[in-house]
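Notes to accompany the following structure.
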Amino acid sequence: YYDQLTMDGQIKSTVDIAQWLMDNNPGVPDMSFAELADRGIVRCNDSDGIIFGPNSPYDARLIQSLRDKQPYQTLTARQQFYIDHEWFMEEGEALPTYREPLSIKDYPLRLLMGHVRHGIHSMWRDDSLMISLQRGEPDIYVNTDDAAGRDVRDGDLIRVFNSFSSFIVMAHVSSSIKPGMTYMYHGWDPMMFRGRQNFGAVISTGGLIKPTSLVSGYGHIVHRPFHYEPNATFSDLTCDFEKYNGAIA
1 YYDQLTMDGQ IKSTVDIAQW LMDNNPGVPD MSFAELADRG IVRCNDSDGI
51 IFGPNSPYDA RLIQSLRDKQ PYQTLTARQQ FYIDHEWFME EGEALPTYRE
101 PLSIKDYPLR LLMGHVRHGI HSMWRDDSLM ISLQRGEPDI YVNTDDAAGR
151 DVRDGDLIRV FNSFSSFIVM AHVSSSIKPG MTYMYHGWDP MMFRGRQNFG
201 AVISTGGLIK PTSLVSGYGH IVHRPFHYEP NATFSDLTCD FEKYNGAIA
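The opening residue of the sequence shown carries number 1 in UniProt numbering; numbering runs sequentially from there.
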């Protein structure tokens with residue numbers, strides 16, 4: 001694999017990788033990596049034309065349909081909510097339908113998660129500057145009343161648990177969180193948790209796939225990455241928490 005991964009030996013360092021990406025990306029100005037590093041920030045060339053223009057190498061079908069009035073690539077060539085595939089019909093989801101989220105018996109708090117504000121997935125999540133804008137370590141938002149009922153104060157370490165497992169995290173007590181809810185931003189690397197055990201320990205729906213997610217080859221419903229693919233259900237888990245009195249390290 002060496003020749004394949006190094007382009008027959010052309011790639012000898014991460015700088016070579018960055019330079020190759022710059023040389024082959026129409027949206028990046030024609031310059032060396034050394035010049036970019038020296039300047040720090042540069043303006044990209046005609047980002048509107050590069051990303052959404054008619055000669056763009058990138059996919060912008062939604063923009064093309066809205067702006068250029070091209071038909072949508074659906075079964076009806078329109079914005080379409082009704083799916084008459086037999087599996088959708090059998091599941092009662094020919095139209096978008098609300099489903100009550102799943103719960104784990106005897107665990108009253110629902111865990112929600114959202115995109116992190118201080119990084120891209122796990123990238124930069126352990127950067128000292130980014131961490132200084134937060135609590136310095138992974139935290140979970142909990143309601144003030146829920147915290148008080150468990151003798152937990154802001155900044156305390158808590159053990160979040162359910163029948164699957166548990167993890168240790170800092171309590172971020174907030175009145176903006178609805179009672180009965182907990183909230184974490186995603187992207188915290190397992191190495192930043194005690195015992196490398198993160199929120200994945202309590203997620204109970206990782207292996208559950210909706211039957212309708214297995215439909216493919218039906219008009220615009222075709223399996224391909226970032227388009228339509230089986231995925232885990234979201235927010236379908238409940239948990240509880242308690243003050244953590246174990247070892248800090």
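Think of the CB as a built atom: it goes at the ideal place given N, C-alpha and C, for glycine as much as any other residue. The model shown is predicted, which means the values in this text are computed figures rather than measured ones.
Asked, Found
"Residue 157 - containing alpha helix (DSSP H), residue span", "Where residue 157 is concerned, there is no enclosing alpha helix (DSSP H), although the beta strand (DSSP E) it sits in stretches over 157-161."
"Cβ pair residue 243, residue 156 closer than 7 Å", "yes"
"Continuous alpha helix (DSSP H) assignments of at least 4 residues falling wholly in the UniProt domain \"Molybdopterin dinucleotide-binding\" (109-190)", "128-132, 144-148"
"Alpha carbon of residue 75 to alpha carbon of residue 219, nearest angstrom", "5 Å"
"Spatial distance of residue 24 from residue 83 (CA atoms)", "40 Å"
"Separation of residue 97 from residue 153, as counted between CA atoms", "39 Å"
"Exposure of residue 284, with buried meaning 16 or more beta-carbon neighbours within 10 Å", "Given a span of 1 to 249 for the chain in the structure shown, any question on residue 284 remains unanswerable."
"Rounded C-alpha distance that separates residue 229 from residue 214", "7 Å"
"The stretch 176-191 contacting the stretch 138-145, beta-carbon criterion three pairs below 8 Å", "yes"
"Residue 34, buried or exposed, once every other Cβ within 10 Å from all chains shown has been counted against 16", "exposed"
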